[in-house]
Each structure stands twice: as C-alpha cells, then as structure tokens.
Amino acid sequence: MSLVSEAEESDQRRLARNVNELLQELRVAQAGVQILFGFLLSIAFTEKYASMGAYIRVTHLVTVLCAAVAVAFLTAPAAWHRVLFRQGRREDVVASGNTFALIGLAFLAFAMTGTVLLLAEVILGDWPSVVVGVLAFAVFAGLWFVWPFASSKRAEDRERP
C-alpha cells in the first residue's frame, strides 16, 4: 500500500512528464548541434583551411567553441537526470534543465550564426558576409528568444486585470 497522497502523486506525475518533455525537446537540439560540431571539426583538417587568414581561423575557432558549449549545456539535463532521479530531485532537474536548455540554445544560435558567417565569407567575402551573419543571428535570436518571450509577456499582460 502506498503512503503517497493523491496530490503528491499528481505532483510527481507532473514532474515526470516535465522531465520527459524536456529530454525529448533536447534530443532534437542535441542531434543538430552534434552534427554541426562534427562538421566544424572536419573543416580544420582540409587543405584549404591551412591557407585561410586569421579572421576565418578565429571565427572558426569561436564557432567551434560555441558549438562545444552548446553540446555541454544541451546534454547536461540528461546527465543531471541520470545522477539525481533516484534521489527524488526531479524538480531540480526540471528547473536546472530549463536554464541549461536556454543557455545551450543561445550558444547553438551563436554557433549557427558563426557557421553561416564562415560560409558567407567564403562565398561572398567582406561586408556582404557580415550582413548575412547579422541576418542569420537576427533570425535565430528572433525565432528562438525574442518572439517567444514577447508572446509570453503579451499573455501576462492580458491576464492582468
């Protein structure tokens, strides 16, 4: 016989669902960032890379580092879940996992922007590549952060009397 009340069980079910949803969402981002990371690593081992200037090399390094940080933050919730779930600390996993996911997505946006910038630099060169990079950043930042946060703010404003 269980000594857990219905309210506690319901709360535990909600937390379990939240953890599962978080981990499912992160699987999508993890796959993309890991493929991007592998692609970015492979670039450094090409013949043409050796002849690239300092700007391209530094941009590439910063982009690889952003992708690596994104991988770390986007995989951290799974590690936290594995370490803490038997201790009944799902709430910590959900709260920290949400923060880690947002930070990971921010670094993924920087890594994607850097990748687009590198490609545009090779194809277009000079200032047009910077314009393409800025547009890429605007798209990622807008769709992933600005629009949802603005939507959330509008919903809060509508709920206030």
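Numbering that gives the first Met the number 0 puts the sequence shown at residues 0 to 160. For every residue, glycine included, the Cβ atom is placed at its ideal position computed from N, Cα and C. Only a predicted model underlies this, so the values are computations on that prediction, with no experimental measurement involved.
Taking only the alpha-carbon atoms, compute the straight-line gap between Phe139 and Asp156 and give it to the nearest angstrom. For this step, residue 139 is matched to residue 140 along the sequence shown. For this step, residue 156 is matched to residue 157 along the sequence shown. Each residue's Cα considered, the two are about 25 Å apart.
Check whether the segment 72 to 89 and the segment 21 to 30 are in contact - that is, three or more C-beta pairs closer than 8 Å. yes
From this set, Arg159, Ala105 and Arg88, which residue's C-alpha is nearest Val32's C-alpha? In the sequence shown, the residue the question calls residue 32 occupies position 33. The option with the nearest alpha carbon to Val32 is Ala105.
In whole angstroms, what separates the C-alpha of Phe36 from that of Arg26? Here residue 36 refers to the residue found at position 37 of the sequence shown. Here residue 26 refers to the residue found at position 27 of the sequence shown. If I take the Cα positions, the gap works out to 15 Å.
Inter-residue Cα distance where the pair is Ala154 and Val121: By one-based count along the sequence shown, residue 154 stands at place 155. By one-based count along the sequence shown, residue 121 stands at place 122. So the two alpha carbons sit approximately 43 Å from each other.
Return yes when the Cβ of Ala110 is within less than 8 Å of the Cβ of Ala66, no when it is not. Reading the sequence shown from its first residue, position 67 is the one you call residue 66. Reading the sequence shown from its first residue, position 111 is the one you call residue 110. Contact flag set, yes.
Can you list, in chain order, the residues of its chain with a C-beta nearer than 7 Å to that of Gly132? Leave out the 5 residues immediately preceding and following it. Here residue 132 refers to the residue found at position 133 when the sequence shown is read from its first residue. For Gly132, where only same-chain residues beyond five positions count, the Cβ hits under 7 Å are Thr112, Val115, Leu116 and Ala119.
Looking at Leu101: is its Cβ nearer than 8 Å to the Cβ of Val92? In the sequence shown, counting from the first residue as 1, residue 101 sits at position 102. In the sequence shown, counting from the first residue as 1, residue 92 sits at position 93. No, the Cβ-Cβ distance between Leu101 and Val92 is not below 8 Å.
CB-CB under 6 Å to Ala28, same chain, minus the five flanking residues each way: which ones, in chain order? Here residue 28 refers to the residue found at position 29 of the sequence shown. Leu73.
Nearest CA to the CA of Asp125: which residue from Thr62, Ala69, His80 and Ile55? As a working mapping, residue 125 is identified with position 126 in the sequence shown. Ranking the options by Cα distance to Asp125, first place goes to Ile55.
Going along the chain, which unbroken runs of the beta strand (DSSP E) with 3 or more residues stay wholly within the segment 90 to 125? none
Taking only three categories from DSSP, how would you classify Ala67? Translated into positions along the sequence shown, residue 67 becomes position 68. Helix.
For Thr45, three-class secondary structure by DSSP: Taking the first residue of the sequence shown as 1, we reach residue 45 at position 46. If DSSP states are grouped into helix, strand and coil, Thr45 belongs with coil.
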